[in-house]
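Undergrad:
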Amino acid sequence: MVAIHQFVPSLASRDAIGHHTLQVQRVLHDMGIDSTIYASESQPEVRRRCAPYRTFGRETATMRATVSALARSARSRPSTWFGPARSGGAAADPGHTWLLYQGSTGSPVAGFVMARPEPKLLDYHNITPDLFFAPWEPHVAAELALGRRQLAELAPVTELALADSAFNEAELTALGFGATAVLPIIIDTDDFDIEPDPATLRRLERARDRGGADWLFVGRISPHKGQHELVKALALYRRDHDPLARLYLVGGSSSHSYLSALEAFVADLGLTSAVDIVGSVPPAELCAYYLSADVLTSASRHEGFGVPLVEAMHHGVPVVAVDAAAVPETLGRGTGRGAAGLLVGPEQPALFAAAVARVVGDAPLRTAMVERGRDRAADFAPALTSALLRTLVDDLVAGAPG
76 MVAIHQFVPS
86 LASRDAIGHH
96 TLQVQRVLHD
106 MGIDSTIYAS
116 ESQPEVRRRC
126 APYRTFGRET
136 ATMRATVSAL
146 ARSARSRPST
156 WFGPARSGGA
166 AADPGHTWLL
176 YQGSTGSPVA
186 GFVMARPEPK
196 LLDYHNITPD
206 LFFAPWEPHV
216 AAELALGRRQ
226 LAELAPVTEL
236 ALADSAFNEA
246 ELTALGFGAT
256 AVLPIIIDTD
266 DFDIEPDPAT
276 LRRLERARDR
286 GGADWLFVGR
296 ISPHKGQHEL
306 VKALALYRRD
316 HDPLARLYLV
326 GGSSSHSYLS
336 ALEAFVADLG
346 LTSAVDIVGS
356 VPPAELCAYY
366 LSADVLTSAS
376 RHEGFGVPLV
386 EAMHHGVPVV
396 AVDAAAVPET
406 LGRGTGRGAA
416 GLLVGPEQPA
426 LFAAAVARVV
436 GDAPLRTAMV
446 ERGRDRAADF
456 APALTSALLR
466 TLVDDLVAGA
476 PG
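So the sequence shown is residues 76 to 477, counted in the numbering used here.
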């Protein structure tokens, strides 16, 4: 039996890489390919969906069969994680096994994979440059620096390297990876259309009734995502355009030091009542925030893809974002249809505020942005990204030695 086993530093339930890893497993199972997920850490909600990475190669057949059965059982039930099974399969030589590493940070899992004799594959989700974290969380910066070194070490031993975006692929090419391909994160867009949490929606509607535009950011509170730049822009926007505007920052935190500084900055600017640092929320509450938002704002300086951008476009929320890394690519620059968002240079809060004012106040522009956004979001439909993965896997298996 052909097998492509996945290795990931951490498997999480509300995480784009965790979701993608589970979707990749779904596609591989649909193709008749054996695939078990091995992780160093896992959240309780998905713990039974993976095995400890150090057990690979020495677990019993019963253990493997149990994990595989759990994965297939979860796939067959209605879930926010898995769509319906799709038919098809790769005609392959029996007994060939690859190890697929889902790379996004430094981890002993990478070293474990490199030490194994099986042929290697990489799915690269970008590693944040350590310089963003060094002043705030030195231990995280060290982990990211390790990830960069491990990425370079993987180059000569990797048969095929996948990347979420052309931006990420260019990084792999510069490091000397041979065969590469772009595979966007597999997003089940059906998950976006769940019923919003009614209590959250009512609370947001009451705030809207008092007047003012709703700015939304979705993602982790993290130095490279630049939430402090959004706070600057909001302060100028309230001064020059809309004194009642609000900013909702939805997502967990990657840095307690940065979060504490951000909270102090908000207080110093007198914006405590205007900036809501919400934290991580379940999908139904997140849906309510998208439905209430006037604009999705992002000041991130380093994104390898940007799932919240796709979520916003799918929900018809216009995007104003800093023009950096893979953000313009995700928004559709270069597709011939125009970027589905307004892009502003970094560290220009007054210009960012003016861009938001234009999106909120210019109805024809807003309508055009919403239409372009929905068209661009359709480019990431799971049927398309899953089909691309199937093609890549078919080609990989067909080219494997007999």
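C-beta: ideal position from N, C-alpha, C; glycine also.
Express the C-alpha separation of Arg321 and Gly345 in angstroms, rounding to a whole number.
TA: Counting from one through the sequence shown, the residue named residue 345 turns up at place 270. Counting from one through the sequence shown, the residue named residue 321 turns up at place 246. If I take the Cα positions, the gap works out to 13 Å.
Undergrad: From the DSSP output, read off the bridge partner residues of Leu322.
TA: Locating residue 322 in the sequence shown gives position 247, where the first residue counts as 1. Paired residues: Trp290, Val350.
Undergrad: Please look up how many angstroms separate the CB atoms of Gln177 and Asp198, rounded, as I've assumed it's under 8 Å.
TA: Taking the first residue of the sequence shown as 1, we reach residue 177 at position 102. Taking the first residue of the sequence shown as 1, we reach residue 198 at position 123. Right, the Cβ-Cβ distance comes to about 5 Å (below 8 Å), so this counts as a contact.
Undergrad: So His389 packs on Arg449, CB below 8 Å; how close in whole Å?
TA: Within the sequence shown, numbered from 1, the residue matching residue 389 stands at position 314. Within the sequence shown, numbered from 1, the residue matching residue 449 stands at position 374. So it is a contact: roughly 7 Å between Cβ atoms.
Undergrad: How many angstroms separate the CA atom of Val435 from the CA atom of Leu276?
TA: For the purposes of this step, residue 435 is taken as the residue at position 360 of the sequence shown. For the purposes of this step, residue 276 is taken as the residue at position 201 of the sequence shown. C-alpha separation (whole angstroms): 20 Å.
Undergrad: Curious, which full-length beta strand (DSSP E) runs of at least 3 residues does the region 216–269 contain?
TA: Segments of the beta strand (DSSP E) lying fully in the region 216–269: 233–238, 255–257.
Undergrad: I want to know whether the region 249–264 touches the region 279–290 - three or more CB-CB distances under 8 Å.
TA: Contact fails: fewer than three Cβ-Cβ distances are below 8 Å.
Undergrad: Rounded to whole angstroms, what's the CA-CA distance from Ser355 to Ala87? Just pull it up for me.
TA: As a working mapping, residue 355 is identified with position 280 in the sequence shown. As a working mapping, residue 87 is identified with position 12 in the sequence shown. Approximately 13 Å, taken between the alpha carbons.
Undergrad: Pop quiz: Leu311 and Ala425 are said to be a contact at Cβ under 8 Å. What is the actual Cβ separation, rounded to whole angstroms?
TA: Position 236 of the sequence shown holds residue 311. Position 350 of the sequence shown holds residue 425. Contact flag correct, Cβ pair sits at about 5 Å.
Undergrad: Closer than 8 Å by C-beta to Gly326: which residues in its own chain qualify, once you throw out the five before and the five after it? Chain order, please.
TA: Position 251 of the sequence shown holds residue 326. Excluding residues within five positions, the ones whose Cβ falls inside 8 Å are Phe292, Val293, Gly294, Arg295, Ile296, Val353, Gly354, Ser355.
Undergrad: Might you give, ordered along the chain, the residues of its own chain that have their beta carbon closer than 7 Å to the beta carbon of Val102, omitting 5 neighbours on each side?
TA: Locating residue 102 in the sequence shown gives position 27, counting from the first residue. Only Ser461, Leu464, Arg465 meet the Cβ criterion.
Undergrad: According to the Cβ coordinates, are Leu250 and Ala238 closer than 9 Å?
TA: By 1-based counting over the sequence shown, the position of residue 250 is 175. By 1-based counting over the sequence shown, the position of residue 238 is 163. Cβ atoms of Leu250 and Ala238: not closer than 9 Å.
Undergrad: Alpha carbons only, please: which of Lys195, Ser110, Val257 is nearest the one belonging to Phe455?
TA: Numbered from 1 along the sequence shown, position 380 holds the residue referred to as residue 455. Nearest option by C-alpha distance: Val257.
Undergrad: Pairing CB atoms from the region 96–115 with CB atoms from the region 202–211, are three or more of them under 8 Å?
TA: The region 96–115, when compared against the region 202–211, does not touch it at the 8 Å Cβ threshold.
Undergrad: How is the beta strand (DSSP E) around Pro357 delimited, first residue to last?
TA: Working through the sequence shown from its first residue, we reach residue 357 at position 282. Taken as a continuous stretch (DSSP letters only), Pro357 belongs to no beta strand (DSSP E), as it is neither H nor E.
Undergrad: Return the CA-CA distance between Ala412 and Glu212, expressed in angstroms with no decimal places.
TA: The residue you call residue 412 lines up with position 337 of the sequence shown. The residue you call residue 212 lines up with position 137 of the sequence shown. Checking the displayed sequence, the identity of residue 412 turns out to be Arg instead of Ala. About 40 Å.
Undergrad: In the DSSP assignment, find the unbroken beta strand (DSSP E) run with Tyr113 in it and report its ends.
TA: Here residue 113 refers to the residue found at position 38 when the sequence shown is read from its first residue. That run of the beta strand (DSSP E) goes 112–117.
Undergrad: To the nearest angstrom, how far is the alpha carbon of Glu386 from that of Leu471?
TA: The residue given as residue 386 occupies position 311 in the sequence shown. The residue given as residue 471 occupies position 396 in the sequence shown. Their backbone Cα atoms lie some 31 Å apart in a straight line.
Undergrad: So the beta strand (DSSP E) Asp198 belongs to, where does it begin and stop?
TA: The count along the sequence shown starts at 1 and reaches residue 198 at position 123. First-last of the beta strand (DSSP E) with Asp198: 195–199.
Undergrad: Assuming Asp289 and Ala428 form a contact by the criterion Cβ under 8 Å, report the distance between their Cβ atoms to the nearest whole angstrom.
TA: Taking the sequence shown and counting its residues from 1, one reaches residue 289 at position 214. Taking the sequence shown and counting its residues from 1, one reaches residue 428 at position 353. With 8 Å as the limit, Asp289 and Ala428 do not qualify as a contact, their Cβ atoms being about 15 Å apart.
Undergrad: I need the straight-line Cα distance from Leu459 to Ser117, nearest angstrom please.
TA: Start at 1 with the first residue of the sequence shown, and residue 459 comes out as number 384. Start at 1 with the first residue of the sequence shown, and residue 117 comes out as number 42. Going by the C-alpha atoms only, they are around 28 Å apart.
Undergrad: So, helix, strand or coil for Ser373, using DSSP?
TA: Within the sequence shown, residue 373 is the residue found at index 298, counting from 1. In this structure, Ser373 counts as strand in the three-state DSSP scheme.
Undergrad: Pull up the CB-CB distance for Phe131 and His80, whole angstroms please, since I reckon it's below 8 Å.
TA: Residue 131 sits at position 56 when you count from the first residue of the sequence shown. Residue 80 sits at position 5 when you count from the first residue of the sequence shown. The Cβ separation is near 7 Å, so the contact holds.
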